[in-house]
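S.K.: Protein chains in written order, with this note's numbering: chain A, 1 to 205; chain B, 206 to 410. Glycine included, each C-beta is placed from N, C-alpha and C at the ideal position. Before I ask anything, let me first share the structure, which is written out below as structure tokens.
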DNA sequence: CGTTGAACTCAACGCCTGTTGACCTTCCGA
DNA sequence: TCGGAAGGTCAACAGGCGTTGAGTTCAACG
């Protein structure tokens, strides 16, 4: 027995979905503990795997977080579908697509992960900012033909972010329990106003 | 020279406000880096002091964080003053009071610290919910004579929370750099619509 | 059948963390 | 005048962190 290993190493037989297992464990860890709180070793342990394998798959902790972000935030891209259609119903379609995404159970868990991670680490803030800018605000402001498109997109983003925080994370009533359709009907017109209305002028009920 | 120290140790002459210096440094650190990101050594360095002294004063990192939170207390309550005055300008006064509080440098630092604490414990979430409910939503919904007052207040709260997240914490442009007066002029009418408008009807630019 | 590369483990690296205990120096009250 | 107590430094601890590199095992392809 000169250099014989313990034989636990090496590739496993069959098609192991280890990568996905790790990703799930990482999602749960980031959700429960935040970016800094979650550790590579802990995630590896939860996935019943060596920490080095996590590095092997995702390169680094940052890479892993980005992968979680990409997987969790990927549904955000679905929101972009709201852009198809005439200008007039834009605000309404935006809020409906947005709510659709958040109401899906696993999706909302993933997105909550992202938001939670924000509170603990500043590096996560940079990551999320980049993603929001690229995946949501960019396409949105690109589609708008009104002036000050980035501002309009930012206002919508701020309103939607606040809605998520209130409804899905803090669960403040009565917003949290409100019927999605009703909420969309209420918020849609305001988004529309931000998108195409006269900024700084009263919406005039 | 058996055990002679470098003579840098020992009590400093005069009345040194070292404790407060440390508290300030800690506030800044927690704000900029989050709980885990901020380090005892870093805080000590910023206060030009040894890390052990921080422990000496506050017991532990947890104790220091709690001290920072306790020092901040309740600038939120100042927002409640918006309620004085006629109904018509309510939305406008709400956003202006809200921005006033957040624009004050030390206040915003402290509030952001609290927000960051959210991820630490679910009790922090309860704390914030209580704060929001008591200081903003309560007075607001109590004052409104329209129907569905809690819902209206909740909508305003959601919008404002999103604004804080976007402007002060994530610092997403162009919202972050927007002139406060302009921002108030833009958002005020929408708040007003939530407060007294026809919910679910278009604001009709 | 041989080779290549992907999957996987193991041991170790260097770094940074919060905390401790010993020690020193000044202030203040008895 | 003298003795705590309070303010302050220093060196070191033990442990956790992300990451690395070498090594092993398996699957797939020519």
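1) If you follow the alpha helix (DSSP H) that residue 175 of chain A is in, where does it begin and where does it stop?
2) Could you name the residues of the stretch 27-39 of chain A whose beta carbon sits closer than 9 Å to any beta carbon of chain B, in the order they occur along the chain?
3) In whole angstroms, give me the CA-to-CA distance for residue 371 of chain B and residue 162 of chain A.
4) Go ahead and pull the three-state DSSP assignment for residue 199 of chain A.
5) Which term fits residue 164 of chain A, buried or exposed, when burial requires 16 or more other beta carbons within 10 angstroms of its beta carbon?
6) Just to make sure I have the definition right: I need the residues of chain A whose C-beta is within less than 7 Å of the C-beta of residue 355 of chain B. Which are they?
7) Are the C-beta of residue 165 of chain A and some C-beta of chain B separated by less than 8 Å?
8) I need the boundaries of the alpha helix (DSSP H) containing residue 27 of chain A, first residue and last residue.
9) Tell me, please, whether the CB atom of residue 157 of chain A is closer than 8 Å to any CB atom in chain B?
10) In terms of residue numbering, what span does the alpha helix (DSSP H) encompassing residue 86 of chain A cover?
11) Are the CB atoms of residue 19 of chain A and residue 57 of chain A within a distance shorter than 8 Å?
12) With a threshold of 8 Å, are at least 3 pairs of Cβ atoms found where one atom belongs to the stretch 146-155 of chain A and the other to the stretch 191-199 of chain A?
13) For residue 26 of chain A, which of A:62, A:36, A:68 has the nearest alpha-carbon?
14) Using a Cβ cut-off of 8 Å (strictly closer), state whether residue 120 of chain A contacts chain B.
15) How would you list, in chain order, the residues of chain A whose beta-carbon sits under 7 Å from the beta-carbon of residue 404 of chain B?
16) Return yes when the Cβ of residue 102 of chain A is within less than 8 Å of the Cβ of residue 168 of chain A, no when it is not.
17) Examine chain A for any beta-carbon lying closer than 8 Å to the beta-carbon of residue 328 of chain B, and answer yes or no.
18) Whole angstroms is fine: what's the gap from residue 44 of chain A's alpha carbon to residue 71 of chain A's?
19) Put residue 258 of chain B into one of helix, strand or coil per three-state DSSP.
M.R.: A quick look at the data gives this:
1) First-last for residue 175 of chain A: undefined, no H or E at that position.
2) 33, 34, 35, 36, 37
3) 9 Å
4) coil
5) buried
6) 174
7) yes
8) 18-37
9) yes
10) Looking at the DSSP string, residue 86 of chain A is not in any alpha helix (DSSP H), and its letter there is neither H nor E.
11) yes
12) yes
13) A:68
14) Low per-residue confidence applies at residue 120 of chain A: pLDDT is 48, beneath 50, and the placement is therefore not dependable, though the value from the model is reported in the following sentence. Yes - at least one Cβ of chain B is within 8 Å of the one on residue 120 of chain A.
15) 186
16) yes
17) Model confidence at residue 328 of chain B stands at a pLDDT of 45, short of 50, so the residue's coordinates are unreliable and nothing is read from them.
18) 18 Å
19) helix
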